[in-house]
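Asks: Structure provided below as structure tokens; questions to follow.
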Amino acid sequence: MATTHVAAQEAEASVEPQQVVNDLSIQVATVNGSGSQTANMVLLRAIFQMGIPVSGKNLFPSNIAGLPTWFTIRASKQGYIARRKEVDFLVAMNPETADEDVRDIRPGSAVVYDERLNLNRLRKDLVFYPVPFDQLVAPVCPDAKLRKLVRNMIYDGVVAKLLGVEMEEIHKALQKQFRKKAKAAELNWNAAKAGYEFAEKKLPKADRFYLTRMDATRGKIIIDGNAAAALGAMFAGVTVVTWYPITPSSSLCETLIEYMKRYRIDPETKKATFAIVQAEDELAAIGMVLGAGWAGARAMTSTSGPGISLMSEFVGLGYYAEIPGVIFDIQRVGPSTGLPTRTSQGDVLSTAFLSHGDTRHPMLFPASVEECFSMAIAAFDLAEELQTPVFVMSDLDLGMNNWMADPFAYPEKPIARGKVLSKEDLERLGAFERYRDVDGDGVGYRTLPGTDHPAAGYFTRGSGHNAKAIYSERPHDYTDNMDRLARKFETARLRVPAPDIREAAGREVGIIAYGTSHWAVVEALDQLRQEHELDISYCRLRAFPFNEVVRDFVRRHRRVYVVDQNRDAQMCQLLRLDMDAQDVKKLRSILHYNGLPLDARSVTDSIVAQEEER
Amino acid sequence: MATTHVAAQEAEASVEPQQVVNDLSIQVATVNGSGSQTANMVLLRAIFQMGIPVSGKNLFPSNIAGLPTWFTIRASKQGYIARRKEVDFLVAMNPETADEDVRDIRPGSAVVYDERLNLNRLRKDLVFYPVPFDQLVAPVCPDAKLRKLVRNMIYDGVVAKLLGVEMEEIHKALQKQFRKKAKAAELNWNAAKAGYEFAEKKLPKADRFYLTRMDATRGKIIIDGNAAAALGAMFAGVTVVTWYPITPSSSLCETLIEYMKRYRIDPETKKATFAIVQAEDELAAIGMVLGAGWAGARAMTSTSGPGISLMSEFVGLGYYAEIPGVIFDIQRVGPSTGLPTRTSQGDVLSTAFLSHGDTRHPMLFPASVEECFSMAIAAFDLAEELQTPVFVMSDLDLGMNNWMADPFAYPEKPIARGKVLSKEDLERLGAFERYRDVDGDGVGYRTLPGTDHPAAGYFTRGSGHNAKAIYSERPHDYTDNMDRLARKFETARLRVPAPDIREAAGREVGIIAYGTSHWAVVEALDQLRQEHELDISYCRLRAFPFNEVVRDFVRRHRRVYVVDQNRDAQMCQLLRLDMDAQDVKKLRSILHYNGLPLDARSVTDSIVAQEEER
Amino acid sequence: MASTATSPAPPRKVNRIGLEIHAYKGNRSTLCAGCGHNAISERIIEAFYELGIEPYRVAKLSGIGCSSKSPAYFLGTSCGFNAVHGRMPSIATGTMLANRTLLALGVSGDGDTASIGIGQFVHLMRRNLPVIYIIEDNGVYGLTKGQFSATADIGSKLKTGVVNDLPPIDTCALAIQLGATYVARSFSGDKRQLLALLEGAIAHHGTSMLDVISPCVTFNDHEGSTKSYSYVKDHDEPLADISFVPFFQDITVDYAPGTATEITLHDGSRVILKKLGEDYDPTNKVEALRVLTQAHDKGEVVTGLFYVDTKRESFLDLLNVVDEPLATLPESRVRPPKTALDEIMEDLK
Amino acid sequence: MASTATSPAPPRKVNRIGLEIHAYKGNRSTLCAGCGHNAISERIIEAFYELGIEPYRVAKLSGIGCSSKSPAYFLGTSCGFNAVHGRMPSIATGTMLANRTLLALGVSGDGDTASIGIGQFVHLMRRNLPVIYIIEDNGVYGLTKGQFSATADIGSKLKTGVVNDLPPIDTCALAIQLGATYVARSFSGDKRQLLALLEGAIAHHGTSMLDVISPCVTFNDHEGSTKSYSYVKDHDEPLADISFVPFFQDITVDYAPGTATEITLHDGSRVILKKLGEDYDPTNKVEALRVLTQAHDKGEVVTGLFYVDTKRESFLDLLNVVDEPLATLPESRVRPPKTALDEIMEDLK
Ligand SMILES: Cc1ncc(C[n+]2csc(CCOP(=O)(O)OP(=O)(O)O)c2C)c(N)n1
Ligand SMILES: Cc1ncc(C[n+]2csc(CCOP(=O)(O)OP(=O)(O)O)c2C)c(N)n1
Ligand code: SF4
Ligand code: SF4
Ligand SMILES: [Mg+2]
Ligand SMILES: [Mg+2]
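Chains as they are written, first to last, in my numbering: chain B, 819 to 1432; chain Y, 819 to 1432; chain C, 20 to 368; chain R, 20 to 368.
Now the structure itself:
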């Protein structure tokens, strides 16, 4: 049980005797379906409530119960919330993976484990804390069936004692977690206490990791990206929602249902100011979105890669027939029988050009839960202003993990519904031409079915029409229309959210990233500055098509690293297509595609290696 | 009826008094469903039989009967078979478009028309030949119901007389067209003769266009690309064919059915050595192909853009699960309610990256009917050797129009079925690992279901497996697999057909084209040389991914024009992604996207303009 | 004789909302002369005219095919959406979700519905969404030149000689089994029956599914097919003659009392069935399926209103959406106030 | 006492082709303990063992879902293909086209079949392709954590409180109507009935569709759902008890003579139905639909073999393909000779 210092296997992993405060990763290894989620959330929340920045990442299998799952909590006084590769504190609850889990961690780390697993036989360079879970759980949980569940709360107590998490915060977090279920809260609290007391008596502190109160989370919230996007959609005034269940997207619509039932029921009639439909599949889901968008609703669907593929034909129709709609793509590793519970940014390229023919689609790339909220709102405005399907490209890491954030700001701008002509407009104008580019921005005016004016009706189809929406196969009508659509995409370029740029002094090297890579990148930028004296500019893409600002960024740097969480450098490819030809050679790729969220060290190492190679 | 020479409106269209021999375009304007196809084919064939190179292009509407349709026959002593914009000889049978048809043609052209249309009132600078069709048809066709049909053959006779097409060849062509239907042949022959005789008596030659026998078509065949591809598939030994009707792809499988019924019935059992299934839709069609490919059949489907979009998810599975299959994409203008009867190369980019996740697919680009045949065969070999879906990217122009060609060469190489382990192999080896890269080319060995050996069975799914095909979610198994798939794509690069290169002396300017653009490009190269003294190198792409040879071509030229029949420069974009970064700036685009086949003049003009701008 | 005074125009014939029949027409048809689909378009024009429906209230939705083109040929001032192949049901669903005050008229073909579109068809029927779903059923793919669809009869032969050996899908039997609440079959040439069925469908509140045998004169007018004009003329076995009584008119239809089953529709209008030969009760699902299954097995075409259920709630009722169109609710009703966001944020702290 | 001589192993229990039951097992299941799907896997293992089918002849095909994962847990040495969601039928069709000597065993879920997959389901049934199609039917999407599928009962409630208000799709009624030739329903916990039905399905030549109620213990084991274990135990109303007599064994099943209907299957084996309470004739389609429609309307679960037709030709027969696997025909039989090409070229000149 004693710590044995051994010669470090790797230089940077060498064990130092100093205390490490508010800077560690806790990994809890369990099997899924064992109810450990509650214990993990309580631990995460308790640390958060102590004012320490945290993030939690759940690595779960594509099955319902019985397979290994890992939950990692990172506490970071610097506020880093990216995944960290290294584990400092392991809670080994899963006999099946315990040996490997123990083998993989750095020397000097600590291991809390079920004493029957005898893990301390495995290594000499770790701190081992054996816990007799069965013994502890029996007295606090008389109902044998529930013990499996309650065991988990015991490790919360043990970890709390060992790391210095305040038990009042555990208690508060438990209350929050269980809300009105007082009995369950009580049971779990007793278990946590039992763990705490055991550790107090039997587990002398032997590792160097500590958590102590600070004040860096005051006023902040914890939420996952899907819930944040759901809130965004609700405050965007969404009226028609269609979906088909798919991990990791389901929770977006499921959370939306909860919120809408609460906040979007007409107070007088008690009727819903929305319709949410679980469709029979993704083809139907997108079809309903287009039908609803055509008829004037703010319509959306949410899915993941397989659904995006199935929506291809319809999305192309949406592009050509110019119908608004918002599609959330919570990206995961492809294909369906791939790794559906692992994160990826693998749909970027195929979504940009989704569908046959000359099609291209605006995409927004939220990096944070705040942006899940604000970009959901922006996406609805864009879709209606541009009259085209708009994609919000989130991912499993953002969508399903819990993130710390500032509370979301209430939208300032009123809802922008684009160029829709009412009965009164038509009375004034006398007539309208659906596909005439009156304003030079490529966007025509539309009417909605049900508009009580004889000139309101028009016939919608793909590209086979002239400016008046009359059937036409004439070559010129076709090219005119296609050129207008191209013009509209140039309008999109100006309207989508601009990138977020942090300029370094030298302007020698730049980095471009998007979505969840952001968190690893900001940490890597610090590492590069501190460890390698490399000061690098950063351009965080927030949308496709790229604004001129992105081209300028590439223009004024010598080398630009593009970070992609996919194998094929998908965003880098899109940039290659869009940057000035002479700048293409500046682009280099940093790729990460093992299904785990990106970590800062991988980015740093890759840049350092490529800079040295140069 | 007399020719009036007026000042030419355009310089190059100035009317010269000399005879023009074996170099003209005949355009027949009719309504579809009026049975003019036969008359047009007979005329085309008759000219062909006179040894004059011809091509025929049918411009038809997306409807069954009653809308305008145009058939253009080009006869060219130089052997040019691309579409030519200019019409020299108009047969105006459609009252609805006649005025416009007459207005659009060049001064000095000739017009054969129904005298009741009074077209000669419209212009003074054309040669008009009025024909009293109703008067002529009655005596040769007593059955009034058939007269609408037979009228068409009258213009064949008139045109034959006026241009000098030999009536024996018309007769021979008629026989060929009607095969055993002697009565129909007879009726039509009488109509043609009536037209001929009328012209002989009443229409003195007043234009300058002539056709005379030459010897440039001996031994050649006439066939459309879909029939050629069908033959390729049959001689490739296809065993499972699934399809869903869609213009312009349907005739591929429909012709294949005809040929297979004739040549692929087992002589002893009278049973079929193939299965052809009309599926309920394209999702089912590709699913059946993958099921059959997995079980060891040479399987194919044929479709067009909307079908490709619907196949997205399954094609991604095919990529990851590594299942052979051949998909013919007879491209048309997108989307479905677009211009389904117009040609396009609009699916190139989306097909290259079809499906979510990191996917990419080999594509072959036939330019000719010969290549429809040979690339169909190559595609099956490639698909099985690479164990992946392979696309053959044809288009409406190639697939549905009639093309002159040399007879196809019987395949020299035996069928290549790739790395399949038999029962005997397994007995020798003892075991196998489905996804182990034994040969370093990224391609593993596979077994087929039904192989009588206990080690033969394995479980197929997407990317969630290790080298032994065992379920795995381990990050390393995933990246290993993805890296091997990337390696396999590098193998594809070496195995796909190499481009066809004709090098100019100067190596200053190059042109890259693919598919049906070829015919306009070769003619444009002559125009550029003759009219502008520009000697340009030509690289005809035959496949994606691009071989190193393509990169070399771009490397050694200063400016490279890429010809695309789509708005978004799709092939140019793929090249931009793949060329050396410093060469990207050499790429320029020539775009053509009005739904009509590309013509040489457009290419020439575009290059000249861009070269001057430089 | 020449007079400069213009004589008063003869009184125009108008419907109850003052519109002439012209207001219900569309573009000139580009379908083949004699195509059954054109006859159906004419009946649609009549039905909407007779019932006096404002054209702006109608949304015409279709998939792809000759049939799916036909919405361009009626109700020219209504909005229309010619979508993608086989997916009209989802477009119709979205449209009605966005604006429940619309009258959705979906037109599809047998290929569009029974082949590629059967999945969306099944689920639309199951939902009982308020929509009129017309299948213009010719047993072939007209627009792609005559391949068999999934409603082609066993043994029917294409002009190319190909014979169909798979049983046809009976869309009426399916619709009934799945939950549609107004299910009928008619023939494009049977003016009276089709008009009455259409008017009943317009008045019905829920999914109305009309399978209309509509011969393709170009590709399917040959012996052996029940969808050819001649076959239908000979074998048509009308199950029940129905006459529709719109609720805003006096009952003027003449029918033999005592042999009638009267059904009251959601809007108060009623459909009256005249019994023909047998006592057919269109509220009996089991019996409807029996009739259809037996006819199917015999290869017979039975026409009439097979099943109607006026009680089952429509999908929009189940969803409990507000009465106004969701599409045009003002911001105040679709964006919750700042206090709501504050409350939620507080809860997440 | 210690002996170096090894005592002879007890005689292994083997089936008619000399294989132990072990040869029919698969990987350890990763489904939830108590999941109905696991019980079905066990019956599949037994059925193939008892009939003595060589595992290499079986192709296991599935879509996506907990149910679709289960093929990994039986017949471990057979080839398997876990494809995409809702599209197992097309994969199965392709597989059988490629190699008609295989025995295709498709496993799907109710979401996989009745929601996203209903289109391919309909067309597979219509084709009567030789395949065993098992729906492991729990009324929910297990793998995505418990949303309703299209077979969920009206009124059943999710753990989240959401109530289903759409009628369930009856896959058996559909299959019968569409042309499947062996259609049955069972319950994962009814060992005897399920085994017998499976054995009958294996011996049947055509599409065998088995809808097996298979409770999801994690997401659907609650009151109000007919797919929960407790509900089924209480309401299960066996229509007929069937015992299977494989053709390679003596008839040893005990059943009351005089109350039996015997059906001879394509391969000569026979299924015997024991009448329970009423005189049920599984060759009568109309009656089958009546029973199912009435049960459906009453919300009852009826189990047994509803319909069997041993005469209808299978899709492969209709296609008239050679007896050998197309997949492995030698080049000489699939590439016509040069003379053929010459002839064709000549014709095109
Ligand atoms: C995804 C897709 N596949 C195929 C087609 C080609 N296509 C157009 S119409 C049609 C069939 C139409 O048949 P049906 O619905 O019966 O209509 P009909 O023309 O007979 O009235 C097909 C297959 C298409 N447009 N889209
Ligand atoms: C195209 C697509 N959409 C959604 C999903 C997500 N998904 C996986 S399994 C499943 C439902 C499975 O339900 P069911 O078929 O009833 O199987 P069960 O898990 O209940 O056995 C869904 C929706 C997917 N894999 N692919
Ligand atoms: S092809 Fe057939 S379905 Fe199409 S318009 Fe002509 S007759 Fe009608
Ligand atoms: S979630 Fe339900 S269906 Fe899935 S394995 Fe568990 S019990 Fe079975
Ligand atoms: Mg049809
Ligand atoms: Mg299920």
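Cβ coordinates follow ideal geometry from the N, Cα and C atoms, glycine included.
Using a threshold of 7 Å, is the CB atom of residue 155 of chain C nearer than that to any non-hydrogen atom of ligand 1?
Replies: Within the third sequence, numbered from 1, the residue matching residue 155 of chain C stands at position 136. Yes - ligand 1 has a heavy atom lying nearer than 7 Å to the Cβ of residue 155 of chain C.
Asks: Using beta-carbon positions only, say whether residue 237 of chain R and residue 883 of chain B come within less than 8 Å of one another.
Replies: Looking up residue 237 of chain R in the fourth sequence gives position 218. Looking up residue 883 of chain B in the first sequence gives position 65. Taking 8 Å as the cut-off, the beta carbon of residue 237 of chain R is found closer than this to the beta carbon of residue 883 of chain B.
Asks: Taking Cβ-Cβ distances shorter than 8 Å, what residues in chain C pair up with residue 1155 of chain Y?
Replies: Position 337 of the second sequence holds residue 1155 of chain Y. Per Cβ cutoff of 8 Å: 83, 101, 102 and 103.
Asks: Taking the alpha carbon of residue 55 of chain R as the reference point, which residue from R:73, R:133, R:110 and R:154 has its own alpha carbon closest?
Replies: If you number the fourth sequence from 1, residue 55 of chain R lands on position 36. Nearest of R:73, R:133, R:110 and R:154 to residue 55 of chain R, Cα basis: R:154.
Asks: For the region 337–365 of chain C, enumerate the residues whose C-beta is nearer than 7 Å to any C-beta of chain B, in chain order.
Replies: 338, 339, 340, 341, 344, 345, 346, 347, 348, 350, 352, 353, 354, 355, 357, 359, 360, 363 and 364
Asks: Which chain B residues sit within Cβ distance under 9 Å of residue 98 of chain C?
Replies: Within the third sequence, residue 98 of chain C is the residue found at index 79, counting from 1. Simply 1112, 1113, 1265, 1266, 1267, 1268, 1269, 1274, 1275, 1276, 1277 and 1278.
Asks: Provide the residue span of the beta strand (DSSP E) that contains residue 1190 of chain B, from first to last.
Replies: Residue 1190 of chain B sits at position 372 when you count from the first residue of the first sequence. Counting along the chain, residue 1190 of chain B falls outside any beta strand (DSSP E), though it belongs to the alpha helix (DSSP H) covering 1187–1204.
Asks: Measuring CB to CB, does residue 1091 of chain B end up less than 8 Å from residue 345 of chain C?
Replies: Within the first sequence, numbered from 1, the residue matching residue 1091 of chain B stands at position 273. Within the third sequence, numbered from 1, the residue matching residue 345 of chain C stands at position 326. Cβ atoms of residue 1091 of chain B and residue 345 of chain C: closer than 8 Å.
Asks: Taking the alpha carbon of residue 1253 of chain Y as the point to measure from, which residue in Y:1221, Y:1158 and Y:1289 has its own alpha carbon closest?
Replies: In the second sequence, residue 1253 of chain Y corresponds to position 435, counting from 1. Taking residue 1253 of chain Y as reference, the option from Y:1221, Y:1158 and Y:1289 with the minimal CA-CA separation is Y:1289.
Asks: List the residues of chain B whose Cβ lies closer than 9 Å to the Cβ of residue 51 of chain R, in chain order.
Replies: On the fourth sequence, residue 51 of chain R is found 32 positions in, with the first residue counted as 1. Those are 851, 881, 882, 883 and 884, listed as they occur along chain B.
Asks: Please determine, among C:166, C:170, C:60 and C:157, the residue with the shortest C-alpha to C-alpha distance to residue 79 of chain C.
Replies: Residue numbering aside, residue 79 of chain C sits at position 60 when the third sequence is read from its first letter. When each option's Cα is compared against that of residue 79 of chain C, the closest is C:60.
Asks: Roughly how many angstroms separate the alpha carbons of residue 859 of chain B and residue 842 of chain B, rounded to a whole number?
Replies: Position 41 of the first sequence holds residue 859 of chain B. Position 24 of the first sequence holds residue 842 of chain B. Rounded to whole angstroms, residue 859 of chain B to residue 842 of chain B spans 17 Å at the Cα level.
Asks: How many whole angstroms separate the CB atoms of residue 885 of chain Y and residue 845 of chain Y, which I take to be in contact at a CB cut-off of 8 Å?
Replies: Residue mapping note: residue 885 of chain Y aligns to position 67 of the second sequence, counting from 1. Residue mapping note: residue 845 of chain Y aligns to position 27 of the second sequence, counting from 1. Wrong, their Cβ atoms sit about 16 Å apart, outside the cutoff.
Asks: Should residue 235 of chain C be listed as close to ligand 3, given that the test is whether its C-beta is under 7 Å from any heavy atom?
Replies: Residue mapping note: residue 235 of chain C aligns to position 216 of the third sequence, counting from 1. Result yes, Cβ under 7 Å from ligand 3.
Asks: From residue 1139 of chain B to residue 91 of chain C, what distance separates their C-alpha atoms?
Replies: As a first step, residue 1139 of chain B is located in the first sequence; it is residue number 321 there, counting from the start. As a first step, residue 91 of chain C is located in the third sequence; it is residue number 72 there, counting from the start. About 16 Å.
Asks: Does any heavy atom of ligand 2 sit closer than 7 Å to the C-beta of residue 1062 of chain B?
Replies: What you label residue 1062 of chain B is simply residue 244 of the first sequence in a count that begins at 1. At least one heavy atom of ligand 2 is nearer than 7 Å to the Cβ of residue 1062 of chain B, so yes.
Asks: On a Cα-Cα basis, can you pick out the residue from R:109, R:119, R:171 and R:129 that is closest to residue 145 of chain R?
Replies: Your numbering for residue 145 of chain R matches position 126 in the fourth sequence. For the residues R:109, R:119, R:171 and R:129, the minimum Cα distance to residue 145 of chain R belongs to R:109.
Asks: What are the residues in the region 1061–1079 of chain Y lying within 8 Å of chain C by C-beta distance?
Replies: 1062, 1063, 1064, 1065, 1068, 1072 and 1075
Asks: Could you check the C-alpha separation between residue 1155 of chain B and residue 1104 of chain B for me, to the nearest Å?
Replies: Within the first sequence, numbered from 1, the residue matching residue 1155 of chain B stands at position 337. Within the first sequence, numbered from 1, the residue matching residue 1104 of chain B stands at position 286. In a straight line, the C-alpha of residue 1155 of chain B is about 22 Å away from that of residue 1104 of chain B.
Asks: Cβ of residue 92 of chain R less than 8 Å from any chain B Cβ?
Replies: Counting from one through the fourth sequence, the residue named residue 92 of chain R turns up at place 73. For residue 92 of chain R, the answer is no, since every Cβ of chain B falls outside 8 Å of its Cβ.
Asks: Establish whether the CB of residue 141 of chain R and some CB of chain C are separated by less than 8 Å.
Replies: In the fourth sequence, the residue the question calls residue 141 of chain R occupies position 122. The beta carbon of residue 141 of chain R falls within 8 Å of a beta carbon belonging to chain C, placing the residue at that interface.
Asks: What residues from the region 1293–1306 of chain B come within 7 Å of chain C, judged by C-beta to C-beta, listed N to C?
Replies: Those residues of the region 1293–1306 of chain B that come within reach of chain C (Cβ to Cβ, closer than 7 Å) do not exist; the list is empty.
Asks: For residue 162 of chain C, is the beta carbon positioned less than 7 Å from some heavy atom of ligand 8?
Replies: The model on display carries ligand 1, ligand 2, ligand 3, ligand 4, ligand 5 and ligand 6 but not ligand 8.
Asks: Okay, do the region 1202–1218 of chain Y and the region 1163–1182 of chain Y touch, 3+ Cβ pairs below 8 Å being the bar?
Replies: yes
Asks: Flag residue 191 of chain R as yes when its Cβ comes closer than 7 Å to any non-hydrogen atom of ligand 3, and as no otherwise.
Replies: As a first step, residue 191 of chain R is located in the fourth sequence; it is residue number 172 there, counting from the start. No, the beta carbon of residue 191 of chain R sits no closer than 7 Å to any heavy atom of ligand 3.
Asks: Look at the Cβ atom of residue 221 of chain C, then the Cβ atom of residue 151 of chain C, and state whether they are nearer than 8 Å.
Replies: Sequence index remark: in the third sequence, residue 221 of chain C carries index 202 (1-based). Sequence index remark: in the third sequence, residue 151 of chain C carries index 132 (1-based). Yes, these two residues count as a Cβ contact at 8 Å.
Asks: Kindly indicate the opening and closing residues of the alpha helix (DSSP H) around residue 1308 of chain B.
Replies: As a first step, residue 1308 of chain B must be located in the first sequence, where it is residue number 490. Residues 1293–1313.
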